[in-house]
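Comments concern the structure below.
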Amino acid sequence: MENFRSSDLEIAYAHTDSLGNELNANIGGDIALFSATFTLMITYACVATFAASNDCVANRMMLGFAGVIAAGLGIVASFGLVSASGMSFVSIVGNSPFLILGIGVDDMFILLSGLVTAGFSDSSEQRFGTMMRHSGVAITITSLTNIIAFGCGASSSFKSVRNFCVYTGVAVIFCYINQASFFSAWIALNEKRIEQRKHVVLCCNSAMSKTQYKQKRASKMTIFCCAGQKPSEEKDIDSFLERFPKWVLPKIVKPLAMKIIILFAFAAYLGVAIWGVINLKQGLVISDLVSKESYFYKFNKWEEDYFSEHIPIMFVVDNKVTYSSAEVQNEIQNLLNAASSSEFMTNTTISWLDAYTSSIFYNDTNEASFIVGINSFLADPIYSRFEHDIKISKDNQTIVASRFYVFTITIADSQDSGKMMTDMRKIANDEKKLSVTAFSPSFIFYEQYVQILPQTLQTLGMSLGAVFLVTLFFMPHPLLLFYILVTIVMIITGIVGFMHHWGLTLSSITMIHLIMSVGIFY
Numbered sequence: 001m002e003n004f005r006s007s008d009l010e011i012a013y014a015h016t017d018s019l020g021n022e023l024n025a026n027i028g029g030d031i032a033l034f035s036a037t038f039t040l041m042i043t044y045a046c047v048a049t050f051a052a053s054n055d056c057v058a059n060r061m062m063l064g065f066a067g068v069i070a071a072g073l074g075i076v077a078s079f080g081l082v083s084a085s086g087m088s089f090v091s092i093v094g095n096s097p098f099l100i101l102g103i104g105v106d107d108m109f110i111l112l113s114g115l116v117t118a119g120f121s122d123s124s125e126q127r128f129g130t131m132m133r134h135s136g137v138a139i140t141i142t143s144l145t146n147i148i149a150f151g152c153g154a155s156s157s158f159k160s161v162r163n164f165c166v167y168t169g170v171a172v173i174f175c176y177i178n179q180a181s182f183f184s185a186w187i188a189l190n191e192k193r194i195e196q197r198k199h200v201v202l203c204c205n206s207a208m209s210k211t212q213y214k215q216k217r218a219s220k221m222t223i224f225c226c227a228g229q230k231p232s233e234e235k236d237i238d239s240f241l242e243r244f245p246k247w248v249l250p251k252i253v254k255p256l257a258m259k260i261i262i263l264f265a266f267a268a269y270l271g272v273a274i275w276g277v278i279n280l281k282q283g284l285v286i287s288d289l290v291s292k293e294s295y296f297y298k299f300n301k302w303e304e305d306y307f308s309e310h311i312p313i314m315f316v317v318d319n320k321v322t323y324s325s326a327e328v329q330n331e332i333q334n335l336l337n338a339a340s341s342s343e344f345m346t347n348t349t350i351s352w353l354d355a356y357t358s359s360i361f362y363n364d365t366n367e368a369s370f371i372v373g374i375n376s377f378l379a380d381p382i383y384s385r386f387e388h389d390i391k392i393s394k395d396n397q398t399i400v401a402s403r404f405y406v407f408t409i410t411i412a413d414s415q416d417s418g419k420m421m422t423d424m425r426k427i428a429n430d431e432k433k434l435s436v437t438a439f440s441p442s443f444i445f446y447e448q449y450v451q452i453l454p455q456t457l458q459t460l461g462m463s464l465g466a467v468f469l470v471t472l473f474f475m476p477h478p479l480l481l482f483y484i485l486v487t488i489v490m491i492i493t494g495i496v497g498f499m500h501h502w503g504l505t506l507s508s509i510t511m512i513h514l515i516m517s518v519g520i521f522y
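Heads up: the sequence shown at position 290 corresponds to 290 in UniProt numbering, and the numbers run straight through without jumps.
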């Protein structure tokens, strides 16, 4: 089909495994994106830790590199350990590295900010101890809240959510261990290097100050590449990216007029977010899972636009019953009538039993004759389409299982699709004499319409409650706790509300991001 070309026809096609194949194909693109992201994060971290004074001793750019490497090692350790334990790597787990890199770099800057609180005249051991007392607690809180949030997410009934949360939660644990050991060791070595006034890259030869180089009439390039001295105040180690917020934010926030503008802007934002929460739809849009260049994207868009009606629902009878019996035939007919009478169904049914009883091959003398007639019935080209609807035992004595079809009307609302699925399952479960299962390939996605809202509320509630208790332990001041809780609720409201404005729906994928937001923003 990929190679088919026609000047008269435009074709959209798909097969049973198309979604899985296309999701797996996306992993290759994720690897390329991850590589690019990793490179950008290293570049950003090195730039953000590059001293604005261009001091080759006070510079901390190698720490930026080490911080990103620590996060990367956490990702590799998590993927290796969890995969080795037997948990499957679902496609959505491919998003985990981007999150862990962000958390790792964030922890890196928290630790580095702790060095600023230390006295510049103190020894390297004293500065390191001050950093761990202040920033060590901070990254412990953030890591613990992330781990708890993902731990709550791992209780979800959706496998994709559960596996993502396990992989990511374990990655957070390793990332924290690496920051507290591997990266902290780099900081300790860097502090020793600064104390001994060694070069940031070469780590050898005590560097001279810019003044000393100028006295020796050294070139500008020599001064740029080699000059440096031990920092004596914060501005000696601050980068441009660190100085800019300290300079611009007070100018924005302090004036009374700007405070009023900020409050009104925030009120407007919150109002728009609440309106989005009210109108947010539930359910997964399949075409959003694959790239627009994919054949499966085209097929799903066509299906959504033109073929969303008359979805077949199968009723599978999977116990051995005597189909030649009039009682069993009536029972099956009553089952199909009950399904067709639903508000979501048409009167159209496909039943091999109806077609067989109306054919010249029908014989209900006994079950053996009934099955002999079925074999002749299926051999006829007119009725061969029913071949896959009947499963006959190898000894040709009994019908092991069979299936029948009913068809839906056009169902535009996702909530109605979910209700239709539960109605069909109820009809199948209410059947006492037959073992019946109602199924359609679309049910895989309709499951989310039924379960996603209660699952999201349950998981978010557990995450918020657990993380709140952790915060209560570390920050027992009641007013501070109130501020934190209100802020988190407003952030979650904003994320959920703007999902509607961005054209997203509440699904297992967006549920993952909501769980992430609880841990990250706490």
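Note that the Cβ used here is the ideal one computed from N, Cα and C, for glycine as well.
Here the structure is a predicted model, which is why all the values come from computation and not from measurement.
- No Cβ-Cβ contact shorter than 8 Å links L144 with R127.
- The beta carbon of F361 sits closer than 6 Å to the beta carbons of G373, S376 and F377 from its chain, once the five residues preceding and following it are set aside; these are given in chain order.
- DSSP places Q179 in the helix class (H, G or I) of the three-state scheme.
- For M132, there is no enclosing beta strand (DSSP E), as DSSP marks it with neither H nor E.
- When rounded, the separation of the alpha-carbon atoms in A401 and S435 is 10 Å.
- Within the model, the alpha-carbon separation for L249 versus R243 is close to 10 Å.
- DSSP places K391 in the uninterrupted beta strand (DSSP E) bounded by I390 to I392.
- Sixteen is the threshold: when 16 or more other Cβ atoms of the shown chains lie within 10 Å of the Cβ of G153, as they do, the residue is buried.
- Segment contact: the stretch 82-98 against the stretch 131-141, fewer than three CB-CB distances shorter than 8 Å; contact not assigned.
- Judged by DSSP in its simplified three-state form, I313 adopts strand.
- Sixteen is the threshold: since fewer than 16 other Cβ atoms of the shown chains lie within 10 Å of the Cβ of A185, the residue is exposed.
- For the alpha helix (DSSP H) assignment, the uninterrupted runs of no fewer than 4 residues enclosed by the stretch 471-510 are, from N- to C-terminal side, 478-501.
- The residue among K198, C203 and L202 with its C-alpha nearest the C-alpha of S209 is K198.
- Judged by DSSP in its simplified three-state form, V406 adopts strand.
- Ranked by Cα distance from M314, the first of I411, H388, A368 and G276 is H388.
- Scanning the UniProt domain "SSD" (30-189) from its first residue to its last, the whole alpha helix (DSSP H) runs of 4-plus residues come out as 61-84, 96-117, 124-131, 137-153 and 159-178.
- Counting C-beta pairs closer than 8 Å gives fewer than three between the stretch 468-487 and the stretch 151-171, which falls short of the contact rule.
- Looking at the DSSP output, Q282 sits in a beta bridge with L506.
- Residue environment for F296: buried (at least 16 other C-beta atoms within 10 angstroms of its C-beta).
- A355 sits away from I427, with the two beta carbons spaced by 8 Å or more.
- Note on the stretch 200-230: whole alpha helix (DSSP H) runs with a minimum of 4 residues are 210-215 and 220-226, in chain order.
- Ranked by Cα distance from M420, the first of S393, M345 and T456 is M345.
- Looking at the DSSP output, V436 sits in a beta bridge with V317.
- The continuous alpha helix (DSSP H) containing N334 extends over residues A326 to S340.
- Residue nearest to P312 within the set A45, I411, F174 and V321 is I411 (criterion: CA-CA distance).
- Per the C-alpha coordinates, the member of C46, V76, L40 and R162 positioned closest to H513 is R162.
- Put simply, the backbone Cα of I139 is about 10 Å away from that of N146.
- CA-to-CA, the gap between G497 and A267 works out to about 14 Å.
- K159 has its alpha-carbon roughly 16 Å from the corresponding atom of Y449.
- Here the alpha carbons of I274 and F445 stand approximately 27 Å from one another.
- Here V400 carries a strand assignment [DSSP, helix/strand/coil].
- Secondary-structure assignment with DSSP links M345 through a beta bridge to T408.
- Closest in alpha carbon position to L189, among V57, Y405 and I100, is V57.
- The beta carbon of L472 lies closer than 8 Å to those of L481 in the same chain, with the five residues before and after it left out.
- Excluding sequence positions up to five before and after V406, its CB lies within less than 6 Å of the CB of I313, A339, S340, M345 and T349, all in the same chain and listed in chain order.
- Using a Cβ distance threshold of 8 Å, A48 and L241 count as a contacting pair.
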